[in-house]
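So for the sequence shown, this note's numbering puts the first residue at 10; every next one is plus one.
Taking it in order: structure first as structure tokens, then the write-up.
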Amino acid sequence: MNMMFMSFNERFDTLESSLDQLIANRVSLAVDKRIYSEINRVRKEIDSKMDSKFDSFQQSVKAEIAADLAIFRNEFKSFKGASYSNRSDFNSQSHVDRSMNIVIRNMPESASENTQSKVNALLKDGLYVSHVTVGKAERKQPYRPGVIIVTLNSKEDKHAIMKATTYKSIQKCVHPS
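Here is the structure:
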């Protein structure tokens, strides 16, 4: 009986110790699972809050950049438009004006002359181009007397004048004998 009692006692001791280890392991696993799930929940919550903060920050930065970019584009377009319009006005005005200009040299000057009517008379009477009228005629004074710059109304007028022009016909009109 004593042996039996000892074997039961030994068996109970092993069951107790194994039961203690089993309970400790199960409690440890349950606590680990709970801690792991809580850590994951907190991590997901932090990630979602960080994502929302990052998204809102990203959206605000995008909005600021878009606004600044729109302002920059408008300023650039206005600058570009002003630059091109000034350049095109300058180029077109000088290019078109110069392309429709003719120069008359050695035209005698009188005291009370109307340069435009004098040039119109020269074109009609001297070159026999009656359908052409002068847009503007001005005498240049600086270093050569007798120079007149004539601006015509169209390229067709200039072409008609150049077609009718010969050196003898001009000399006959400017210096009649």
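Think of the CB as a built atom: it goes at the ideal place given N, C-alpha and C, for glycine as much as any other residue.
To test your reading of the DSSP string, which unbroken alpha helix (DSSP H) runs of 4 or more residues are found completely within the region 155-179? 164-173
Report the residue ranges of all beta strand (DSSP E) runs contained in full by the region 36-95; include only those spanning at least 3 residues, in chain order. Look at the region 36-95 and you find no whole run of beta strand (DSSP E) that is 3 residues long or longer.
On the CB-based measure, 16 or more other CB atoms within 10 Å of its CB, does Ala-72 come out buried or exposed? Start at 1 with the first residue of the sequence shown, and residue 72 comes out as number 63. Ala-72 should be labelled exposed.
Given Lys-149, which residues of its chain have a CB within under 8 angstroms of its CB, disregarding the five upstream and five downstream residues? Mapped onto the sequence shown, residue 149 falls at position 140. Excluding residues within five positions, the ones whose Cβ falls inside 8 angstroms are Val-156, Ile-157, Ile-158.
So, helix, strand or coil for Val-112, using DSSP? The residue you call residue 112 lines up with position 103 of the sequence shown. DSSP places Val-112 in strand when its eight states are reduced to three.
Going by C-alpha to C-alpha distance, which of Lys-133, Tyr-137, Ala-146 sits closest to Arg-114? Mapped onto the sequence shown, residue 114 falls at position 105. For the residues Lys-133, Tyr-137, Ala-146, the minimum Cα distance to Arg-114 belongs to Ala-146.
For Asp-166, is the classification buried or exposed, using 16 other Cβ atoms within 10 angstroms of its Cβ as the cut-off for buried? Sequence index remark: in the sequence shown, residue 166 carries index 157 (1-based). Buried: at least 16 other Cβ atoms inside 10 Å.
What is the residue span of the alpha helix (DSSP H) that Lys-127 lies within? In the sequence shown, counting from the first residue as 1, residue 127 sits at position 118. Looking at the DSSP string, the run of the alpha helix (DSSP H) that includes Lys-127 is 124-130.
Hey, quick one: how far does the beta strand (DSSP E) through Glu-147 stretch, first residue to last? Taking the first residue of the sequence shown as position 1, residue 147 is located at position 138. Where Glu-147 is concerned, the enclosing beta strand (DSSP E) stretches over 143-149.
Going by DSSP in three states, Glu-26 sits in which element: helix, strand or coil? Within the sequence shown, numbered from 1, the residue matching residue 26 stands at position 17. It is worth fixing the name first, because residue 26 is Ser in this sequence and not Glu. The answer is helix: DSSP assigns Ser-26 an H, G or I state.
Leaving out five residues on either side along the sequence, give the residues of the same chain with a beta carbon under 8 angstroms from the beta carbon of Thr-175. Stepping through the sequence shown from its first residue, residue 175 is reached at position 166. Taken in chain order, the list of residues that qualify is empty.
Just the Cα atoms here: how many angstroms apart are Glu-84 and Asp-77? For the purposes of this step, residue 84 is taken as the residue at position 75 of the sequence shown. For the purposes of this step, residue 77 is taken as the residue at position 68 of the sequence shown. Each residue's Cα considered, the two are about 10 angstroms apart.
Burial state of Leu-136 (16 or more Cβ within 10 Å): One-based indexing of the sequence shown puts residue 136 at position 127. With 16 or more Cβ atoms within 10 Å of its Cβ, Leu-136 is classed as buried.
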